[in-house]
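Engineer:
In this note's numbering, the protein residues as written are 1 to 433.
1. If you run the structure through DSSP and keep just helix, strand and coil, what is residue 180?
2. Would residue 140 and residue 220 qualify as a contact pair, given that the criterion is a beta-carbon distance under 9 Å?
3. Could you please give the first and the last residue of the uninterrupted beta strand (DSSP E) stretch that includes residue 105?
4. Just grab the DSSP bridge partners of residue 43 for me.
5. Hey, could you find the ends of the beta strand (DSSP E) residue 371 is sitting in?
6. Closer than 8 Å by C-beta to residue 417: which residues in its own chain qualify, once you throw out the five before and the five after it? Chain order, please.
7. Taking the alpha helix (DSSP H) that residue 13 belongs to, which residues open and close that run?
8. I believe residue 357 touches residue 224 by the beta-carbon criterion, under 8 Å. Please report the beta-carbon distance rounded to the nearest angstrom.
9. Which residues bound the alpha helix (DSSP H) around residue 305?
10. Hey, how far is the Cα of residue 481 from the Cα of residue 130?
11. Tell me whether residue 387 sits in a helix, a strand or coil according to DSSP, three-state version.
12. When you compare the CB positions of residue 364 and residue 241, do they come within less than 9 Å of one another, or not?
13. Excluding the 5 residues flanking residue 263 on each side, which residues of the same chain have their C-beta closer than 7 Å to its C-beta?
14. Out of 71, 107 and 78, point me to the one whose CA is closest to residue 12's CA.
15. Could you confirm whether any beta carbon from chain D is found closer than 9 Å to the beta carbon of residue 173?
16. Among 267, 89 and 204, which one has its Cα closest to the Cα of residue 328?
17. Quick one: complete alpha helix (DSSP H) runs, 4+ long, within the segment 326 to 414?
18. Identify the continuous beta strand (DSSP E) that holds residue 210 and give its terminal residues.
19. Would residue 113 and residue 195 qualify as a contact pair, given that the criterion is a beta-carbon distance under 9 Å?
20. Three or more C-beta pairs under 8 Å: does that hold for the segment 269 to 285 against the segment 344 to 352?
21. Starting from residue 165, follow the beta strand (DSSP E) in both directions and report where the run begins and ends.
22. Beta-carbon within less than 7 Å of residue 9's beta-carbon, same chain only, minus the 5 sequence neighbours each way: which residues are those?
23. On the three-state DSSP scale, how would you describe residue 38?
24. Output the distance between the C-alpha atoms of residue 319 and residue 292, rounded to the nearest integer angstrom.
25. Quick check: what's the CA-CA separation for residue 290 versus residue 401?
26. Report the rounded CA-to-CA distance for residue 341 versus residue 104, giving the unit in angstroms.
27. Rounded to whole angstroms, what is the Cα-Cα separation between residue 31 and residue 212?
28. Is DSSP giving residue 134 helix, strand or coil here?
29. Is it right to say residue 345 is buried, meaning 16 or more other beta carbons lie within 10 angstroms of its own, or is it exposed?
30. Under a three-way DSSP split, which group does residue 283 fall into?
31. Let me make sure I understand the geometry here. Which of 398, 370 and 201 has the alpha-carbon closest to that of residue 121?
32. Could you say which of 388, 406, 398 and 408 lies nearest to residue 171 if we only look at CA atoms?
33. CB-CB under 8 Å to residue 302, same chain, minus the five flanking residues each way: which ones, in chain order?
34. Measure the Cβ-Cβ separation of residue 49 and residue 236 and say whether it is below 9 Å.
35. What does the Cβ neighbour count give for residue 151, buried or exposed, with the cut at 16 atoms within 10 Å?
36. Go through its chain and collect everything with a Cβ distance to residue 17's Cβ below 7 Å, but skip five positions before and after it.
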C-alpha cells in the first residue's frame with residue numbers, strides 16, 4: 001500500500017480511455033512516475049472500475065472514479081454519441097474530483113490523459129493544472145494523423161496512386177497508411193475519432209507524450225519536436241522485462257480475459273529453444289471464417305510448434321477436426337500472459353495483427369514477427385516492422401483480402417529458418433563484437 005508519510009514532488013492524475021489497450025500503457029507509465037517520487041492517482045470510469053479494475057487493482061496506485069454517463073455499461077450507441085456523453089458527464093465529475101483533492105495534502109498538479117479524451121485539457125486549464133496528452137500509438141502514426149488534420153495529406157487516398165510523402169517518414173504506399181484513409185466513406189466515424197477527436201486542441205497542450213522511444217523513431221520524433229513539446233516515454237513495459245530498475249515489476253496491467261498462464265508456460269517449457277510460433281490478434285481484431293481456416297492450415301504446413309490465442313467466441317471459426325489433428329504440434333488457449341510468453345526462450349516468431357502494444361512488446365524483447373495487419377494503425381506498424389526495423393515479414397493478401405495458407409507457411413518458415421533469420425543472427429554477432 002501507498003505510504004501515508006511519503007514525501008512527493010507533485011500529484012498527477014492519469015486518465016486513460018476505458019479500453020484494455022489504452023489502460024495498460026498508462027498504468028505502466030504511472031509506475032515509472034511513482035518511482036520518481038510523483039504521487040499518482042489512476043482515474044477510471046465507474047463501470048470500468050466495478051467490472052475490471054477493482055478485481056485487478058495495482059496496490060501501489062490509488063484509484064478514483066468519474067462517470068462517463070454509462071455507469072451500468074450496456075452501451076448501445078454510436079462511438080460519437082458515447083464520446084460526447086463522456087465529454088459532458090466526464091468534464092463535470094472530473095472537475096468535482098479535482099476540487100475534492102484540492103483539500104488534501106497533495107492537490108493535483110498535472111493530468112495525463114488519453115488522446116481520445118481531449119476535453120480533459122479544458123478542465124485542467126480551468127484549475128490551472130498542467131495538461132499532457134498521452135498518445136497510445138506510434139509516433140509515425142501520430143505524424144500521419146497530424147498531416148491529415150492539418151490538410152497536408154489529401155483524402156481519400158486511392159490504392160495504387162503515387163507514394164505519399166509525409167515529413168519525417170519513409171515513402172509510404174497507400175496500403176502502408178492507416179486503413180480508413182484509403183476507403184472513401186467507409187470509415188468516416190473512425191476517421192473522426194482517430195484524427196479530429198485526438199488532435200483538435202493538440203496545439204494548446206503543455207506536453208505530448210508518445211508511447212515509443214527515441215532510438216526507435218528518431219527521424220519522426222526530431223521532426224515533430226520542432227512544433228510541439230513532444231516527449232517519448234516508452235516502451236511502457238514492466239521494468240523486469242527491460243531495465244530492471246523497479247524490482248519485482250512483472251505485472252503488465254489489466255486483462256478483460258482470464259489468461260491460461262500455467263498451461264501456456266508449462267507447455268513452452270517442454271519445447272526446444274526458438275521452436276514455437278506464437279499467434280495472437282489482440283483483444284479486438286476478429287478474423288473471418290475463411291481467414292481462420294487459411295491461418296490454421298498455414299500454421300500446420302509450416303511444421304512448427306505453435307501457441308495460438310483464440311478467444312472463446314472465435315473457436316467456432318476453426319476448421320473441423322483441427323484441434324484433434326494438431327494436438328501434438330500446437331496449443332490453443334483463450335488468452336495468455338503475452339509478455340511472459342514473448343520473453344520465453346522457446347518462442348521463435350510472433351504472428352501478430354501489429355497492434356502497437358504487441359509490436360512494441362515484441363521489439364523490446366527481440367522477437368521477430370510475421371505481420372498480419374487488420375485495420376487502423378496496424379498497416380503502418382507492419383510497414384515499419386518489415387522495411388524500417390527489419391524485424392520480420394509482412395504477409396500479402398490475395399485480391400479478396402485473404403492471406404492464403406501458402407503465404408502464411410512461407411512467411412513463418414522464412415522468419416523462423418530463412419534468410420531473415422540469418423540476417424538477424426549476423427547482426428547480433430556484429431553487435432557483440
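Heads up, the beta-carbon is just placed ideally off N, CA and C, and yes, glycines get one too.
Structural biologist: This is what the structure gives:
1. helix
2. yes
3. Per DSSP, residue 105 belongs to no beta strand (DSSP E) and is neither H nor E.
4. 64
5. 369 to 371
6. none
7. Premise fails: residue 13 lies in the beta strand (DSSP E), 10 to 15, not in any alpha helix (DSSP H).
8. Not a contact, Cβ separation roughly 21 Å.
9. Looking at the DSSP string, residue 305 is not in any alpha helix (DSSP H); the run it does join, the beta strand (DSSP E), is 305 to 309.
10. Past the edges of the chain, shown from 1 to 433, lies residue 481, and the structure says nothing about it.
11. helix
12. yes
13. 333
14. 107
15. Included in the structure is just one protein chain, with no chain D present.
16. 267
17. 338 to 342, 356 to 365 and 378 to 383
18. 207 to 210
19. no
20. yes
21. Unbroken run through residue 165: none, as it is neither H nor E.
22. 37 and 38
23. strand
24. 8 Å
25. 10 Å
26. 42 Å
27. 16 Å
28. strand
29. exposed
30. coil
31. 201
32. 388
33. 277, 408, 409, 412, 413 and 416
34. no
35. exposed
36. 114, 116 and 117
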